[in-house]
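**Student:**
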Amino acid sequence: MAMYDNANTVEKSFNLSYISEHLIQAQWAEFIELKKVITEIYNAKKSPITILDIGIGNARIPMHLCGIKEIWEMIELYDGTDNAQACIDISNKNIADYKIENKVKVFLFEATELYKIQKKYDLVICTWFTPGNFYPTNFCFETYKNADKILNLTKNEKFDTVFKNAYNLASLGGELLLGACYIDNDSTRLKQEESYNKMGMTVITSLEDTFTATKEGFWSQRFTIEKLYNYLHFVDTKKIVITALDTYDYAMQVRIKK
70 MAMYDNANTV EKSFNLSYIS EHLIQAQWAE FIELKKVITE IYNAKKSPIT ILDIGIGNAR
130 IPMHLCGIKE IWEMIELYDG TDNAQACIDI SNKNIADYKI ENKVKVFLFE ATELYKIQKK
190 YDLVICTWFT PGNFYPTNFC FETYKNADKI LNLTKNEKFD TVFKNAYNLA SLGGELLLGA
250 CYIDNDSTRL KQEESYNKMG MTVITSLEDT FTATKEGFWS QRFTIEKLYN YLHFVDTKKI
310 VITALDTYDY AMQVRIKK
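The sequence shown begins at 70 in my numbering and counts up by one.
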């Protein structure tokens with residue numbers, strides 16, 4: 070089951086009443102940086118660009134982009150994928166309500182199968198902490214709280230698979246954009262736990278873990294720069310640009326240029 074394939078999680082994840090101020094401000098910080106990236110790629114290409122959004126959720130990004138004429142005109146098409154039917158349904162409704170069906174399409178698709186997509190995009194994005202949602206296949210939410218050892222995330226094969234394939238979907242001169250990503254520190258961990266508690270979830274991880282998970286099946290990993298470099302081993306670190314999204318080491322944006 071996908072993380073967002075239950076009604077309670079979907080309702081609270083997209084309802085600002087349940088979302089912490091840190092998360093809300095991270096949304097806007099990454100959106101501002103995203104507009105800069107779109108503009109940069111558009112100016113280099115000198116024509117409208119194509120975008121793939123991995124984990125499109127409720128179509129929040131295109132809903133906001135379409136309200137800014139100067140940016141929206143820089144986009145030729147916007148494809149989105151999600152592995153939760155509930156998110157696909159919400160996205161399709163929002164896309165119809167905003168009358169942007171001419172540019173935006175969404176598809177039910179597992180991120181681990183991105184290699185099946187037979188086209189290239191100028192910009193491949195994965196936003197609002199979705200990069201940290203790709204947990205190891207064998208992780209057990211039911212038993213982890215009582216596990217006798219901490220999960221070592223020096224390697225996360227699912228993250229490696231998803232983002233190597235995502236990078237391969239970027240056209241030459243394009244890029245893969247990951248943002249926002251949680252920064253791994255104790256302050257961020259506490260903010261994550263606060264957010265999930267506000268959504269009525271029960272945290273099953275401890276201060277020794279480098280991720281936060283809940284009994285309800287929600288998972289979000291935190292990252293150090295060193296760990297990101299390790300996961301993104303398929304690209305020269307000179308092509309990776311990291312931007313802080315705040316002044317208190319909560320979230321960062323990661324650009325991987327092709």
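The beta-carbon is built from N, C-alpha and C at its ideal position, and this holds for glycine as well.
Please report how far the alpha carbon of L85 lies from the alpha carbon of L92, in whole angstroms.
**Tutor:** Each residue's Cα considered, the two are about 10 Å apart.
**Student:** Could you spell out the range, first to last residue, of the alpha helix (DSSP H) harbouring M270?
**Tutor:** That residue, M270, is in no alpha helix (DSSP H); it is neither H nor E in DSSP.
**Student:** Leaving aside the five residues before and after K274 along the sequence, list all residues of the same chain whose C-beta is less than 6 Å from its C-beta, in chain order.
**Tutor:** As written in the sequence, residue 274 is Thr, which differs from the Lys given in the question. If we look at T274 and ignore the five residues flanking it on each side, its Cβ neighbours are T281 and A282.
**Student:** Beta carbon of F228, beta carbon of Y319: below 8 Å?
**Tutor:** No, Cβ-Cβ distance for F228 and Y319 is not below 8 Å.
**Student:** Just tell me which of K185, M268, N254 and T181 has its CA closest to the CA of N152.
**Tutor:** The residue with the shortest Cα to Cα distance from N152 is T181.
**Student:** With distance defined between alpha-carbon atoms, name the residue in D148, Y236 and F178 nearest to I309.
**Tutor:** The shortest Cα separation from I309 among D148, Y236 and F178 belongs to Y236.
**Student:** Would Q322 and G248 be called neighbours here (beta carbons separated by less than 8 Å)?
**Tutor:** Closer than 8 Å, so yes.
**Student:** Cβ atoms of L177 and I110: under 8 Å apart, would you say?
**Tutor:** No, the Cβ-Cβ distance between I110 and L177 is not below 8 Å.
**Student:** Can you look up E145 in the DSSP assignment and give me helix, strand or coil?
**Tutor:** DSSP places E145 in strand when its eight states are reduced to three.
**Student:** For F307 and Y204, I'd like the C-alpha separation in whole angstroms.
**Tutor:** In the sequence as presented, Phe is not what sits at residue 307; that position holds Lys. Approximately 27 Å, taken between the alpha carbons.
**Student:** Is the number of C-beta pairs between the stretch 163–179 and the stretch 245–259 that are closer than 8 Å three or more?
**Tutor:** Segments in contact, no.
**Student:** Return the residue from the list A155, P117 and G124 that minimises the CA-CA distance to K138.
**Tutor:** The shortest C-alpha separation from K138 is found at P117.
**Student:** Can you give me the C-alpha to C-alpha distance between I294 and V173, rounded to a whole angstrom?
**Tutor:** Each residue's alpha carbon lies about 33 Å from the other.
**Student:** According to the Cβ coordinates, are K233 and S89 closer than 8 Å?
**Tutor:** No.
**Student:** Looking only at C-alpha atoms, which of K188, K218 and M268 sits nearest to Y87?
**Tutor:** Considering only alpha carbons, the answer is M268.
**Student:** What's the call for C156, buried or exposed, on a 16-neighbour Cβ count within 10 Å?
**Tutor:** Buried, since its Cβ has 16 or more Cβ neighbours within 10 Å.
**Student:** Going by C-alpha distance, which of P200, F208 and D278 is nearest D122?
**Tutor:** Measuring from the Cα of D122, the nearest candidate turns out to be P200.
**Student:** If I140 sits next to I107, beta carbons under 8 Å apart, how far is it from one beta carbon to the other, in whole angstroms?
**Tutor:** Right, the Cβ-Cβ distance comes to about 6 Å (below 8 Å), so this counts as a contact.
**Student:** Can you tell me the Cα-Cα spacing of K185 and E226, whole angstroms?
**Tutor:** Cα to Cα, the separation comes out at about 18 Å.
**Student:** Using a Cβ-Cβ cut-off of 7 Å (strictly less than) and excluding sequence neighbours within five positions of L238, which residues of its own chain qualify?
**Tutor:** So the list reads L121, L183, I186, K189, Y190 and V193, once near-sequence residues are dropped.
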